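Line by line, the protein sequences give chains A and B.
The UniProt record's numbering numbers the first residue of the first sequence as 1 and each following residue consecutively.
The UniProt record's numbering numbers the first residue of the second sequence as 1 and each following residue consecutively.
Glycine included, every Cβ here is placed at the ideal spot set by N, Cα and C.
In this text, all values refer to a predicted model and were calculated from it rather than measured experimentally.
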Amino acid sequence: MSDALLSVRDLRKRFGEHEVVTGVDLDVVQGEVVVIIGPSGSGKSTFIRCLNSLEAPSGGTVVIDGTTVSAGDAKALDRLRKDVGMVFQDYTLFPHMSVMANMTLAPVKLGRMKRAEAEETALKLLDRVGLRHKADAYPSELSGGQQQRVAIVRALAMKPRLMLFDEPTSALDPETVGDVLNVMKELAREGMTMIVVTHEMGFAREVADRVVFFDAGKVVEAAPPTELFNTPKEARTQQFLANVLH
Amino acid sequence: MDFDVNYLIEQWPALLDGVLMTLQVSLLAIGFSLLIGVVGGAIRLFRLPLLSQIVVLYVELIRNTPILVQLFFIFYGLPAVGLGLSLYWSGVLCLSLWAGAYQIENIRGGLATVERGMLEASRALSLRPTQYFCLIALPIAVRTSLPASLNTAISLLKNSSYLQAIGLAELTFVAVDRIATDFRAIEMFSAICVIYLSLVAVLALLTGRLSAYLQRPFQHQ
Ligand SMILES: Nc1ncnc2c1ncn2[C@@H]1O[C@H](COP(=O)(O)OP(=O)(O)OP(=O)(O)O)[C@@H](O)[C@H]1O
Ligand SMILES: [Mg+2]
Chain A
1 MSDALLSVRD
11 LRKRFGEHEV
21 VTGVDLDVVQ
31 GEVVVIIGPS
41 GSGKSTFIRC
51 LNSLEAPSGG
61 TVVIDGTTVS
71 AGDAKALDRL
81 RKDVGMVFQD
91 YTLFPHMSVM
101 ANMTLAPVKL
111 GRMKRAEAEE
121 TALKLLDRVG
131 LRHKADAYPS
141 ELSGGQQQRV
151 AIVRALAMKP
161 RLMLFDEPTS
171 ALDPETVGDV
181 LNVMKELARE
191 GMTMIVVTHE
201 MGFAREVADR
211 VVFFDAGKVV
221 EAAPPTELFN
231 TPKEARTQQF
241 LANVLH
Chain B
1 MDFDVNYLIE
11 QWPALLDGVL
21 MTLQVSLLAI
31 GFSLLIGVVG
41 GAIRLFRLPL
51 LSQIVVLYVE
61 LIRNTPILVQ
71 LFFIFYGLPA
81 VGLGLSLYWS
91 GVLCLSLWAG
101 AYQIENIRGG
111 LATVERGMLE
121 ASRALSLRPT
131 QYFCLIALPI
141 AVRTSLPASL
151 NTAISLLKNS
161 SYLQAIGLAE
171 LTFVAVDRIA
181 TDFRAIEMFS
191 AICVIYLSLV
201 AVLALLTGRL
211 SAYLQRPFQH
221 Q
């Protein structure tokens, strides 16, 4: 597994007495799209939040692009976070800044780009998601789906090598879900490495290279979508799919 | 009743000096107290060990003791341990520390309304905690805490009249000083009431404008 972009070994996270992520192993290669599904409270969010150190793991290792990050080594995780973009359920744009300011803030403040370069990059990215004309708008002037598309390109402006999505369409009106999923599909087609927690089974079927079923803080089963959806091996996977697909 | 307007016209230059002193000391202290509020608010937000406890202690101390005692402590107490300040700076320090405690609470209240998602988004973008505070949290928090902060500023202006107790030549001191020689209490106190009312009105007007500007909806142009 030396060519894995992300390699997770025995990852654990506990909150007090309660272990929420209970030993996860996962390898993701460059360009792969992994979709994580599982019941509510199974630790999906906690798991992907550990991958960019929004939560500090209580045990195990995360290796991104050959750099090992041991549990508790916050400094190293911070450095790696720069390679990992994340999009949340509640499109967290900064409300007091225009779309353009949202997108250029981090690249400029972290010294990654000059302002002019950052603005040019931002406009190109906005073009890709059909929102170039909204560059001067404020988040409150955009629909939920538009805000979420901006949140995606804001993360892309940092040129991440890995993108994490935590239920990016769950808070959206049904009619805007499609626009956001299309942006993600496009991103996958362009070869971005992605880990996506979602309830959108259609997206998983169409885009995922691998679907991971999560339960009780563990990977129960991982397989390509056709295999996992059509012939799940584990009883718990079968049960879960029977519930969500009907 | 005999109300001598000519007396007031005569005394106007002295009153004006008092007004200028009151304004100077108050504006400086408003600035310092906001600074204390922002720094103290940040310390509380990030729960910095030790410093956080010191801030809590400071706020409680100020809010639960009379301002006059605080003033005497600074002006008569501190010189005893070699930290004597001039009359002027004792006054500024007293008002700054007094209002600073309230500004910490005001700004903390505003910071508490900033959604947790803002911090997470900042961290996911690798912004540092200080960048999060200055660029994201504070600008959002100011909108909510502004009315309370302005009230504190107005209270500070009114409380500057306590400084007459240490002999700083601000407006109240000038009035009391004149009454001691001229015995024109009704004229003097009427005059400074009107002056304080006007100062507060001007401050309220300015800050009303400022808050309308700062609280305009998040929209372009
Ligand atoms: N900061 C925290 N402190 C304590 N417990 C937490 C914390 N964050 C999550 N948990 C708990 O960890 C468990 C897993 O939560 P998590 O959000 O990872 O689940 P999830 O699979 O993402 O669920 P959902 O599908 O509802 O989003 C839950 O029982 C939750 O209450
Ligand atoms: Mg979740």
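{"Asked": "Proximal residues of chain A, C-beta to C-beta of Ile140/B below 9 Å", "Found": "Phe94, Pro95, His96"}
{"Asked": "Chain-ordered chain B contacts of Phe213/A [CB-CB under 8 Å]", "Found": "Chain B residues near Phe213/A: none, gap ~25 Å exceeds 8 Å."}
{"Asked": "Buried or exposed by the 16-neighbour rule on C-beta atoms within 10 Å, applied to Gly110/B", "Found": "buried"}
{"Asked": "Distance between Ala148/B and Asp3/A (C-alpha atoms, nearest Å)", "Found": "57 Å"}
{"Asked": "Residues that Ala106/A contacts on chain B, provided the C-beta gap is smaller than 7 Å", "Found": "Leu125, Ser126, Leu127"}
{"Asked": "Presumed contact (8 Å Cβ cut-off) between Pro95/A and Ser140/A, rounded CB distance", "Found": "6 Å"}
{"Asked": "Lys44/A: CB within 7 Å of a non-hydrogen atom of ligand 1", "Found": "yes"}
{"Asked": "Euclidean distance between Cα positions of Gly208/B and Ala171/A", "Found": "37 Å"}
{"Asked": "Straight-line gap, Ile24/B to Ile136/B (C-alpha atoms, nearest Å)", "Found": "Here the sequence assigns Gln to residue 24/B, which means Ile is not the residue at that position. Taking the straight line joining both Cα atoms gives about 32 Å."}
{"Asked": "Where the alpha helix (DSSP H) containing Glu105/B begins and where it ends", "Found": "87-112"}
{"Asked": "Host alpha helix (DSSP H) of Phe229/A (start-end)", "Found": "225-230"}
{"Asked": "Chain-order list of residues whose beta-carbon lies under 6 Å from that of Met192/A (same chain, five-residue window excluded)", "Found": "Met163"}
{"Asked": "CA-to-CA distance, Gly23/A to Gly43/A, given in whole angstroms", "Found": "11 Å"}
{"Asked": "Where Lys109/A sits in the DSSP three-state scheme", "Found": "helix"}
{"Asked": "Option nearest Phe240/A by Cα separation, candidates Gly38/A, Val212/A, Thr92/A, Lys109/A", "Found": "Gly38/A"}
{"Asked": "Endpoints, beta strand (DSSP E) assigned at Ser7/A", "Found": "4-15"}
{"Asked": "Length at least 4, wholly inside the region 35-90 of chain B: the alpha helix (DSSP H) runs in chain order", "Found": "51-63, 67-72"}
{"Asked": "As assigned by DSSP and simplified to three states, the class of Gly178/A", "Found": "helix"}
{"Asked": "Any 3 or more C-beta pairs closer than 8 Å across the region 151-170 of chain A and the region 77-91 of chain A", "Found": "yes"}
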